[in-house]
Amino acid sequence: MASRRLATAFGLLVLALLATSRPERVGDAREYLAMAMNMASLGPPALSQADIARVELQCDQLHIAGTPLTIPALGGSDGRQDFFHFWFYPALAVPLMWLAEAAGLNPNLGFVALNVLMLMGALWIASRRAAWWVVAVTFCGPVLWWINKTHTEVFTFSLLAIAGVVMRDAPWWAMVCLGAAATQNPPVASLVALVGGTAPLWRRGVWRDARFWIGAAAATALVVIHPLYYLSRLGVPNPQLLGGVEPRVPTLEELGAVIWDPNVGLIFQAPLFCLAVLAAAAVLAMRPRAWVRSPEVWLALAGTCLFLVSFSQTPNVNHGGTPGLSRYAVWLVALALPVLQCAAGAMSPSSQIRFVPLALASCLWCVVAFHPALPERYKAPTRAASVIWERWPWLDEPLPEVFAERVSGEEPGLIPAATAGCSKVLLAGGVWPVPCFPQPVPAVCRAHESLCYANRADGCYSFVPLAPRASYAFDRQRQRTWVWSEDPASPVQKTLARLHWPDLRRVSQGAPGAVVRATWNVSWTYGLQSDRELLVYMARPQRDASVTLRLPGPMAGSLFDPEAGDEIRAVWVDTQPWDLTVVPVPPGRALVLILFQVR
17 MASRRLATAF GLLVLALLAT SRPERVGDAR EYLAMAMNMA SLGPPALSQA
67 DIARVELQCD QLHIAGTPLT IPALGGSDGR QDFFHFWFYP ALAVPLMWLA
117 EAAGLNPNLG FVALNVLMLM GALWIASRRA AWWVVAVTFC GPVLWWINKT
167 HTEVFTFSLL AIAGVVMRDA PWWAMVCLGA AATQNPPVAS LVALVGGTAP
217 LWRRGVWRDA RFWIGAAAAT ALVVIHPLYY LSRLGVPNPQ LLGGVEPRVP
267 TLEELGAVIW DPNVGLIFQA PLFCLAVLAA AAVLAMRPRA WVRSPEVWLA
317 LAGTCLFLVS FSQTPNVNHG GTPGLSRYAV WLVALALPVL QCAAGAMSPS
367 SQIRFVPLAL ASCLWCVVAF HPALPERYKA PTRAASVIWE RWPWLDEPLP
417 EVFAERVSGE EPGLIPAATA GCSKVLLAGG VWPVPCFPQP VPAVCRAHES
467 LCYANRADGC YSFVPLAPRA SYAFDRQRQR TWVWSEDPAS PVQKTLARLH
517 WPDLRRVSQG APGAVVRATW NVSWTYGLQS DRELLVYMAR PQRDASVTLR
567 LPGPMAGSLF DPEAGDEIRA VWVDTQPWDL TVVPVPPGRA LVLILFQVR
């Protein structure tokens, strides 16, 4: 009865969430849709060029935007093209897409229906074996955001959750579920072997049970279909090896980013859920007999270790298709289910009541934070990250990819990069980004291709060298960087020291109130101004270059070569207040114009 009430309540919640949102395309959805649409037309999952053109037209008509589907590296000898992601999940959606099209609905709803059926089915199975608050805190979690998305997160989450709760009573079904999950995520295959190899340790006579061998055979077939298909088509067991996976020994930061990074980590995105898991772990730590012989807990621990290593291999940590949280963290939420249930089993009913308020609060948090209607968000720092980087920049040294893409709002990220107030700066080869005024950096940070964080505290910077991920391509061409002489005795440094920096403010060229109104034959400018001072940095001025100013009155100063540190010439602008004045500048790599009000 309790499981029925829980399923009813959760079903109503899912319907309410779907009613207040609409099917969305995020991440790799076009790949899944392309394969499903072709299979729905009774074609193979590999598409010909004509199929690609037809499917792209269908996607455009349905307003499903995204990157082009043509990927030359994944073309087979028969002229058909495969995709980085496997066709098993799209194949399951095909019958539901037929029903949607027969009803005149968006075929994308076929994937939504598949997600709902899998999530509700997993919840029903889990609710019959686990405490209701355990099921609620797990299922009413981050996975909610993906229920209306054409993506595999709900698929993987549901299968992992089922495997975790049926492993003890029906290890054959656990292996089948894990094998199905491995079709889309090959690392899960290791858990199939783990369940099959250890089942005799906790279930006597299982190897004499025909159901075990039938389940093992089915799971094995599901596991090998992915590599065998791609070996026959592309000559590699996994197309991710052609560009998606970067085999490496991970660092601690790479291993833990999915858990504790303030932008993509589970702790910051679902803190109450993590608190519930931590409390459950504390209960089990005080009752070791409750979990030492629990195969489900060992499966969760082994799966977590395996997944963290596999997550660290991807070159795209700060990926899209998410409201901010790493998609991979959803797998860890599913693995927490048996840990929470083991803790519940070790407590009396009265003790479990203490977890109920925390579970309900976590559910409420996740309904708000992971409502399916929320847009994907991965090109801006979270509020927590912004606060940490501004107030305690030394506290977090994120992966360079995450920092660069979040603060620049670009993909791939621009480097060097910095927070708005330059409290935390990612240096590339010792080069500082605009608008952070360059400071002397240690030799290790000036080396070619080196990456370093500069963290400001009490007006001074401390430097932390980083080991960059070799395969990640930062965009160094479009970022605005400036060059300055570091010689404190140079004329430009002496003049910069005269500026009253607290009064200077950034005003974009041509904006209301901006002193710099226009430039000619200059790549870009960066201006700082106050009522009495002006600094204009001009990058790559060409022949006949000039800058047009609207000054508050007569001003005098100098034009400098910032790289050499030398003064090019003195500048005197005798103008009426707010009249336009054109100042010609010579060609060069960079120029700096510094003016002071004439008293």
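Sequential numbering of the sequence shown, starting at 17, is according to our numbering.
Even for Gly, the Cβ is constructed at its ideal location relative to N, Cα and C.
{"Check": "CB of N334 within 9 Å of CB of V403, strictly", "Outcome": "no"}
{"Check": "Limits of the beta strand (DSSP E) - the one that G679 falls within", "Outcome": "Residue 679 cannot be examined here, being either before or after the span of the chain that is shown, 17 to 615."}
{"Check": "Pairwise C-alpha distance: A385 and Q545", "Outcome": "40 Å"}
{"Check": "Local Cβ density within 10 Å of E312, reported as buried at 16 or more and exposed below that", "Outcome": "buried"}
{"Check": "Within the segment 507-558, ranges of the beta strand (DSSP E) (whole runs, at least 3 residues)", "Outcome": "532-536, 540-545 and 549-555"}
{"Check": "CB-CB length for L322 against S206, believed under 8 Å", "Outcome": "6 Å"}
{"Check": "Status (buried if at least 16 other CB within 10 Å, exposed otherwise) for K510", "Outcome": "exposed"}
{"Check": "Helix, strand or coil at C438 according to DSSP, with G and I counted as helix", "Outcome": "coil"}
{"Check": "Where the beta strand (DSSP E) through V598 begins and ends", "Outcome": "L596 to P600"}
{"Check": "Buried/exposed call for L353, threshold 16 Cβ in 10 Å", "Outcome": "buried"}
{"Check": "Residue closest to E417, alpha-carbon to alpha-carbon, out of V150, L442 and V480", "Outcome": "L442"}
{"Check": "Whether S562 touches V601 by CB criterion (9 Å)", "Outcome": "yes"}
{"Check": "Buried or exposed (CB count within 10 angstroms, at least 16 for buried), P278", "Outcome": "buried"}
{"Check": "The segment 135-152 touching the segment 76-84, judged by at least three CB pairs closer than 8 Å", "Outcome": "no"}
{"Check": "Assigned exposure category for A470 - 16 Cβ within 10 Å defines buried", "Outcome": "buried"}
{"Check": "Unbroken stretches of the alpha helix (DSSP H), 4 residues or longer, contained in the segment 184-269", "Outcome": "187-200, 205-218 and 226-250"}
{"Check": "First and last residue of the uninterrupted alpha helix (DSSP H) at Q357", "Outcome": "A345 to G361"}
{"Check": "From I369, L374 and A306, residue whose alpha carbon lies closest to that of L288", "Outcome": "L374"}
{"Check": "Nearest residue (CA-CA) to V589, options A234, G581, P603 and A572", "Outcome": "A572"}
{"Check": "Given L291 as reference, the closest of T435, S478, L376 and V308 once Cα atoms are compared", "Outcome": "L376"}
{"Check": "Beta strand (DSSP E) segments (min. 3 residues) lying fully within the segment 560-600", "Outcome": "562-566, 571-577, 582-589 and 596-600"}
{"Check": "Continuous alpha helix (DSSP H) stretch holding F479: start and end", "Outcome": "From DSSP, F479 is part of no alpha helix (DSSP H) but of the beta strand (DSSP E) over C476 to L482."}
{"Check": "Backbone secondary structure at G457 - three-state DSSP", "Outcome": "Note that residue 457 corresponds to Val in the displayed sequence, not to Gly. Coil at V457, not helix or strand."}
{"Check": "The segment 343-358 / the segment 152-160 touching (three or more Cβ pairs under 8 Å)", "Outcome": "yes"}
{"Check": "Best match in L271, I584 and D577 for proximity to T330 [C-alpha to C-alpha]", "Outcome": "L271"}
{"Check": "Identified DSSP bridge partners for N471", "Outcome": "K440 and S478"}
{"Check": "DSSP three-state assignment for V608, whether helix, strand or coil", "Outcome": "strand"}
{"Check": "Through-space distance from R522 to P504, alpha-carbon basis", "Outcome": "24 Å"}
{"Check": "DSSP three-state assignment for P60, whether helix, strand or coil", "Outcome": "coil"}
{"Check": "Beta-carbon contacts of V447 that lie in its chain and below 6 Å, excluding the five residues immediately before and after", "Outcome": "P432 and T497"}
{"Check": "Runs of alpha helix (DSSP H) wholly within the segment 49-135 (minimum 4 residues, chain order)", "Outcome": "65-77 and 104-118"}
{"Check": "Chain-order list of residues whose beta-carbon lies under 6 Å from that of Q357 (same chain, five-residue window excluded)", "Outcome": "A146 and V150"}
{"Check": "Buried versus exposed, by CB contacts within 10 Å (16 or more), I230", "Outcome": "exposed"}
{"Check": "Range covered by the alpha helix (DSSP H) that runs through E417", "Outcome": "P416 to S424"}
{"Check": "Beta-carbon separation (whole angstroms), T338 vs E421, contact threshold 8 Å", "Outcome": "Not confirmed; about 13 Å, so no contact."}
{"Check": "Buried versus exposed call for I610 [16 or more other C-beta atoms within 10 Å across all chains shown]", "Outcome": "buried"}
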